[in-house]
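So the structure is just underneath, and the comments pick up after that.
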Ligand SMILES: C[S@@+](CC[C@H](N)C(=O)[O-])C[C@H]1O[C@@H](n2cnc3c(N)ncnc32)[C@H](O)[C@@H]1O
């Protein structure tokens with residue numbers, strides 16, 4: 006999105022910007038509230054995650070999550086017989102806590118892989134990027150914090166991200182007697198509350214929503230196609246893997262008739278609400294991930310589907326070495342239980358895993374779970 010420039014000498018607020026742009030579709034509203042380069046929620050120094058912030062992630066409960074990711078990456082590196090330079094990319098590193106857990110674990114437990122590693126953090130926003138640079142400075146030139154992947158040459162690469170896809174802006178749509186309509190945000194005057202209206206949809210409605218019966222007033226979210234995002238990532242990877250952790254569903258479950266008010270949520274100081282029209286730029290706005298739609302785009306960009314499973318299964322499978330270590334302590338065990346408990350993070354989150362540049366077929370179990378057409 007092209008964000009409107011602001012005059013540094015004037016008092017600006019997101020409310021004023023949205024007033025001047027009104028009416029705007031909901032995805033633009035969400036984009037401004039989260040990513041306006043000066044005023045957006047994620048454009049600030051990253052204090053959003055953790056006890057003193059607005060929400061917890063799998064990273065907040067201890068280093069094990071990053072350690073298991075490091076083990077998965079090191080195993081891939083070893084099996085791929087990578088002899089020269091290679092790269093890890095973390096998308097959306099926020100406060101860099103996950104990057105630190107992964108880097109420390111690689112340095113300590115996988116020194117052979119560490120030697121020729123280049124680690125890149127990707128965050129388009131300048132203030133968080135400067136914070137990440139500071140947090141990761143002690144690793145020296147091995148670590149780079151970049152706005153995007155455009156300058157990266159092709160290398161064997163492992164990409165990972167946690168809770169980034171759910172932060173991509175989404176359209177809000179609603180079923181009416183005249184068909185699917187889109188929620189747009191209107192500002193009548195700068196000092197009155199923002200209002201929602203329904204207009205003809207500009208977003209392309211998935212065929213499942215077009216072909217099935219939904220009750221009037223059914224509301225849900227759709228995200229614009231981000232094929233170019235996947236294509237750019239793809240272009241800096243000679244071969245490799247991509248691993249995404251997030252909350253969400255396969256498409257039929259996402260658009261289940263009983264999920265009649267969608268998944269959009271707002272978080273501030275660990276309180277959830279469903280009103281994204283207040284406290285602009287002060288709170289997180291998020292919607293669950295339609296993993297089927299993500300997989301379709303990644304596959305269209307040349308990725309092979311390697312896995313799709315609850316975080317519980319993925320982490321348990323990949324933590325075996327750590328959990329059978331003699332020096333396993335109670336804290337690590339508690340960390341594992343929090344990450345994998347099926348009623349909490351273990352069931353709510355999924356791992357979506359792709360490979361690039363190998364001759365593998367799409368994983369048939371993952372394809373079935375995602376209800377991907379052949
Ligand atoms: C919920 S936070 C993730 C926190 C962190 N990964 C963790 O696990 O604690 C979402 C982050 O994704 C970043 N983000 C959103 N879109 C992005 C994009 N296209 N490229 C890189 N980062 C992005 C946001 O700026 C924000 O810092």
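Residue numbers (my numbering): 6 to 379.
Even for Gly, the Cβ is constructed at its ideal location relative to N, Cα and C.
The beta carbon of residue 92 lies closer than 6 Å to those of 123, 160 and 162 in the same chain, with the five residues before and after it left out. Here residue 139 carries a helix assignment [DSSP, helix/strand/coil]. A Cβ-Cβ distance of about 6 Å is found for the pair residue 186 and residue 204, placing them in contact under the 8 Å criterion.
Assignment of residue 312 by DSSP, reduced to helix, strand and coil, places it in the strand class. Under the 8 Å Cβ criterion, the stretch 311-325 does not count as touching the stretch 36-46, having fewer than three qualifying pairs. At the C-beta level, residue 329 and residue 167 stay beyond 9 Å of one another. The beta carbon of residue 121 sits closer than 7 Å to those of 89, 90 and 91, all from its chain and outside the five residues before and after it, given in chain order. When the beta-carbon positions are compared, residue 68 and residue 114 stay at least 9 Å from each other.
With distances taken between CA atoms, residue 374 lies nearest to 300 out of 300, 74 and 79. Ligand 1 has a heavy atom closer than 8 Å to the beta-carbon of residue 63. The stretch 363-377 makes no contact with the stretch 316-331, as fewer than three CB pairs between them are under 8 Å. The beta-carbon distance between residue 71 and residue 36, rounded to whole angstroms, is 29 Å. This is too long to meet the 8 Å contact definition.
Residue pairing from DSSP places residue 295 in a beta bridge opposite 254. Under the DSSP assignment, residue 109 falls in the alpha helix (DSSP H) whose first and last residues are 102-114. Around the beta-carbon of residue 155, fewer than 16 other beta-carbon atoms lie within 10 Å, marking it exposed. With respect to the 9 Å criterion, residue 74 and residue 39 are not classified as neighbours on the basis of their beta carbons.
In the three-state reduction of the DSSP assignment, residue 321 falls in the helix class. If you compare the alpha carbons of 190, 241, 271 and 181 with that of residue 215, the shortest gap goes to 181. Boundaries cannot be given for residue 230, as no alpha helix (DSSP H) includes it and DSSP labels it neither H nor E. For residue 255 against residue 316, the beta-carbon gap comes to about 15 Å, at or over 8 Å, which does not count as contact. Short of 7 Å from the beta carbon of residue 353, and not among the five residues preceding or following it, lie these beta carbons of its own chain, in chain order: 252. Remark: C-beta atoms of residue 226 and residue 172 do not approach each other more closely than 9 Å. Judged by the Cβ position, residue 340 fails to qualify as a neighbour of ligand 1 at the 8 Å threshold, every heavy atom of the ligand being at least this far. Between residue 175 and residue 140, the alpha-carbon positions lie close to 31 Å from each other. Collapsing the DSSP output to three states places residue 18 in coil.
Separation of the CB atoms of residue 242 and residue 271 is rounded to 35 Å, and the pair is thereby denied contact status at 8 Å. Between residue 236 and residue 307, the alpha-carbon positions lie close to 8 Å from each other.
Around the Cβ of residue 50, a 10 Å sphere holds fewer than 16 other Cβ atoms; the residue is exposed. Rounded to the nearest angstrom, the gap between the Cα atoms of residue 58 and residue 284 is 15 Å. Of the heavy atoms belonging to ligand 1, none sits nearer than 8 Å to the Cβ of residue 8.
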